[in-house]
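Going line by line, the protein sequences match chains P and F.
Read in order, the letters of the first sequence correspond to residues 1 to 120 in the UniProt record's numbering.
Read in order, the letters of the second sequence correspond to residues 1 to 246 in the UniProt record's numbering.
Virtual Cβ for every residue (Gly too), placed ideally from N, Cα, C.
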Amino acid sequence: MAGHSESSGAEKKSGEAANEIPTFNAENLQTNMKAIYYSRTFLSIVGGVIAGILGFTSLTGFIFYFLVMAITSVGLIAKSGFSIHSYFDSWNRVIFDGFLSGLMSFVLFWTFAYDMVHIF
Amino acid sequence: MAEDLVLDTAIRDWVLIPLSVVMVLIGILRHFVSKLMRSSQVPDAKIVKEGQLIVRARNLRSGANFIPPRSFRARRFYFSNEENGLLHVPKGQAPNPQAQMFSDPNMAMDMMKKNLSMIIPQTLTFAWVNFFFSGFVAAKIPFPLTQRFRSMLQNGIDLSTVDVSYVSSRSWYFLNLFGLRGLFSLILGEDNATDDTQRMMQMSGFGFDPTKSLGAEKDSLDIVQHDWALPKFEQRAEAVLRKVLS
């Protein structure tokens, strides 16, 4: 799963200076955030299809979504070599960004795949 | 409450799949049509100048700690002094954005195009869905919901005994409308025409008042706490070099 986040390769200026002066490159930070957003959307769609095919209902499906998002976060963190601060300005970005926007796509594709496989 | 409704497989083949596919294709079509219709307008020199000015001031603000105090003060004075500073806008000279908007027909035209390309396909699709697929249950969402959602999910079905998790085709259309946004941003790229938030930004940027942002930039430049970083950098360089050597 971490493989998808390879687009986050755009390096920000090294965060060594973080001890005193924050040195950010705003554009690179934005590119990194975009990479997070894309990988989250992609994974929520894929996760929705998987959840639908496996036939999860009600709470199980939402737990599955949280699981997928947690795996995404871990994948993103692993991709950044466990040094978040050289790519992003805070942990919240990695863990929470794009969480709610992914939910809608997840529900749609979950419903779609579930109906295809289980209802008819 | 009916336990399990049996849905006809023809509904899947002729309603659910076509509806979703059509929604995706219409989204793509709309993206390219609005791309074609986008007129490139010549930007006003004054607006561009002000934008660049703001960028310069912002750069000064973010890089403030890398220049000596004297230089910083000189630059800040250049930007924000009260007589002829670049960011200082005399009162009463601010152009009225509303008037500007009406004096430039191209701008209004552009906005109308944008809105039309949004509204027309949506109305058409909605009418199409309404005409062909109304009056039956098309799908079932895999999680239970309360009665409150009935009007949202079973739009077009007036039965109070059907389980709320069954979705009518009209509501499936709405679900698609909102849920496909993520997919569009994946397949069409960031600046696609279907993105609602983007559109809101453009809307608000339309009545955008440059003098206001000039004033805001001036204020934030005024409150910058200057702290020259370079004297401490020798120690840091020393620490880094020591780390490298050891």
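Rounded C-alpha distance that separates residue i from residue j
i: L245 of chain F; j: F62 of chain P; result: 52 Å
i: I95 of chain P; j: F72 of chain F; result: 38 Å
i: D44 of chain F; j: I54 of chain F; result: 16 Å
i: L5 of chain F; j: W172 of chain F; result: 17 Å
i: L180 of chain F; j: F126 of chain F; result: 16 Å
i: M200 of chain F; j: S90 of chain P; result: Confidence in M200 of chain F is poor, its pLDDT being 49 and thus under 50, which makes the residue's placement unreliable; the coordinate value appears in the next sentence. When rounded, the distance between both Cα atoms is 27 Å.
i: G207 of chain F; j: M111 of chain F; result: Its pLDDT being 46, under 50, G207 of chain F is placed unreliably in this model, and the value from its coordinates should be taken loosely. Spanning the two alpha carbons is a distance of roughly 12 Å.
i: R61 of chain F; j: K218 of chain F; result: 10 Å
i: V129 of chain F; j: S117 of chain F; result: 19 Å
i: R75 of chain F; j: K49 of chain F; result: 18 Å
i: P144 of chain F; j: T111 of chain P; result: 12 Å
i: T9 of chain F; j: K79 of chain P; result: 44 Å
i: I67 of chain F; j: G189 of chain F; result: 39 Å
Cross-strand partners of residue i (DSSP beta bridge)
i: A127 of chain F; result: A127 of chain F is not bridged to any residue.
Beta strand (DSSP E) segment containing residue i, residue limits
i: V164 of chain F; result: No beta strand (DSSP E) holds V164 of chain F; DSSP gives it neither H nor E.
i: V137 of chain F; result: 137-140
Span of the alpha helix (DSSP H) around residue i
i: I36 of chain P; result: 26-54
i: R38 of chain F; result: Neither: R38 of chain F is in no alpha helix (DSSP H) and is coded neither H nor E.
i: Q235 of chain F; result: 230-245
i: F72 of chain F; result: 69-80
i: F88 of chain P; result: Segment: none, F88 of chain P is in no alpha helix (DSSP H) and carries neither H nor E.
i: F184 of chain F; result: 181-187
i: V61 of chain F; result: Note on identity: in this sequence residue 61 of chain F is Arg, with Val being the wrong assignment. Per DSSP, R61 of chain F belongs to the alpha helix (DSSP H) from 45-62.
i: G111 of chain P; result: Looking at the sequence itself, residue 111 of chain P is Thr, so the reference to Gly does not match. T111 of chain P -> alpha helix (DSSP H) spans 99-114.
i: T146 of chain F; result: Per DSSP, T146 of chain F belongs to no alpha helix (DSSP H) and is neither H nor E.
CB contact flag (residue i, residue j, <8 Å)
i: G47 of chain P; j: F120 of chain P; result: no
i: S168 of chain F; j: K140 of chain F; result: no
i: L87 of chain F; j: L221 of chain F; result: yes
i: F184 of chain F; j: G63 of chain F; result: no
i: F99 of chain P; j: N32 of chain P; result: no
i: D97 of chain P; j: Y37 of chain P; result: yes
i: F109 of chain P; j: V68 of chain P; result: no
9 Å Cβ cut-off: residues of chain C touching residue i
i: T31 of chain P; result: Here chain C cannot be found, since the structure's protein chains are P and F.
Using Cβ-Cβ distances below 7 Å, what residues of the segment 123-151 of chain F are close to chain P?
-> For the segment 123-151 of chain F, the beta-carbon criterion of a distance under 7 Å to any beta-carbon of chain P is satisfied by A139, K140, I141, P142, F143, P144.
ask   = Name the residues in the segment 20-34 of chain F whose C-beta lies less than 7 Å from a C-beta of chain P; which are they?
value = When C-beta distances to chain P are compared with 7 Å, the residues of the segment 20-34 of chain F below that value are S20, in chain order.
- Task: For the segment 162-183 of chain F, enumerate the residues whose C-beta is nearer than 8 Å to any C-beta of chain P, in chain order.
- Result: For the segment 162-183 of chain F, which is checked against every Cβ of chain P, the residues closer than 8 Å are V167, L175, N176, F178, G179, L180, R181, G182, L183.
Query raised in the report: Using a beta-carbon distance cut-off of less than 7 Å, what residues from the segment 82-115 of chain P approach chain F?
Result: So the close ones are S101, G102, M104, S105, V107, L108, W110, T111, F112, Y114, D115.
Select from the segment 43-61 of chain F all residues with a C-beta closer than 8 Å to any C-beta belonging to chain P, and list them in chain order.
-> Those would be none; no residue qualifies.
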